[in-house]
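Q: In full-length UniProt numbering, the protein residues as written are 1 to 210. All C-beta atoms, glycine included, are put in the ideal place defined by N, C-alpha and C. Please read these numbers as outputs of a predicted model, since none were measured by experiment. I have a structure here, written as structure tokens, and I will follow up with some questions on it.
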């Protein structure tokens, strides 16, 4: 845990320094090497009783809820009702909820985020800060992408400057700042900056200057 806190402090210091420099991003060579970094396989987080989950239904905010996992291992989801959650990974549970919503919503897209881990400890995390609806630290899962984390934080808020976002990643004791264009991902389907994440990554989204 102390190592994780040290990494986070290093990233935050770098972010402050970058904000005062001419260019907020690292060199192309450093960015390429950082993106080639492979994350070590980690065991998928298994949901348990006393966890608190945020269920995000894309483009259906009224169906998005934050719910506790009851002692019987189930959660309650609008339209779907009770859904078994204990022992499932967040990704698998999202798939089950999508199946339950399918009769009511055309092509439902669901994300499940563990916001409080009451059942057991899980140290591998990624973080999103800045102009999102719910800035948060989220459990890392294998194959997680930039947009998985942003959508898990409720998406961009109305003040977000999504085409000036930054992904901060530690590599060889240094921090690499990688540019992200979230507007292009969301509006144009350009996924060139929808990078896969590794534990310890931090995404920041600045506010637009009016």
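#1: Using the Cα positions of residue 196 and residue 146, report the straight-line distance between them to the nearest angstrom.
#2: In this structure, how does DSSP classify residue 154 when only helix, strand and coil are distinguished?
#3: Would you check if there are 3 or more beta carbon pairs closer than 8 Å linking the region 142 to 157 to the region 109 to 116?
#4: Taking the beta strand (DSSP E) that residue 47 belongs to, which residues open and close that run?
#5: Would you kindly work out how many angstroms separate the C-alpha atoms of residue 84 and residue 125, rounded to a whole number?
#6: Quick check: the Cα distance between residue 170 and residue 44, rounded to an integer number of angstroms?
#7: Residue range of the beta strand (DSSP E) that residue 165 falls in?
#8: Do residue 190 and residue 181 have their beta-carbon atoms positioned less than 9 Å apart in this structure?
#9: Over what stretch of residues does the beta strand (DSSP E) that includes residue 177 continue unbroken?
#10: May I ask you to report which of helix, strand or coil DSSP gives residue 207?
A: The relevant details are as follows:
#1: As a first step, residue 196 is located in the chain shown; it is residue number 196 there, counting from the start. As a first step, residue 146 is located in the chain shown; it is residue number 146 there, counting from the start. Separation of residue 196 and residue 146 (C-alpha to C-alpha, rounded to the nearest whole angstrom) is 6 Å.
#2: For the purposes of this step, residue 154 is identified with residue 154 of the chain shown, where counting begins at 1. Coil, per DSSP.
#3: yes
#4: Against the chain shown, residue 47 aligns to sequence position 47. First-last for residue 47: undefined, no H or E at that position.
#5: Your numbering for residue 84 matches position 84 in the chain shown. Your numbering for residue 125 matches position 125 in the chain shown. If you take the alpha carbons of residue 84 and residue 125, they lie about 24 Å apart.
#6: Position 170 of the chain shown, counted from the first residue, corresponds to residue 170. Position 44 of the chain shown, counted from the first residue, corresponds to residue 44. The alpha-carbon atoms of residue 170 and residue 44 are separated by roughly 22 Å.
#7: The residue you call residue 165 lines up with position 165 of the chain shown. Counting along the chain, the beta strand (DSSP E) containing residue 165 begins and ends at 165 to 171.
#8: Along the chain shown, read from residue 1 onward, the residue named residue 181 stands at position 181. Along the chain shown, read from residue 1 onward, the residue named residue 190 stands at position 190. Yes, the Cβ-Cβ distance between residue 181 and residue 190 is below 9 Å.
#9: Locating residue 177 in the chain shown gives position 177, counting from the first residue. Taken as a continuous stretch (DSSP letters only), the beta strand (DSSP E) holding residue 177 covers 174 to 180.
#10: Position 207 of the chain shown holds residue 207. In the structure shown, the three-state DSSP call for residue 207 is strand.
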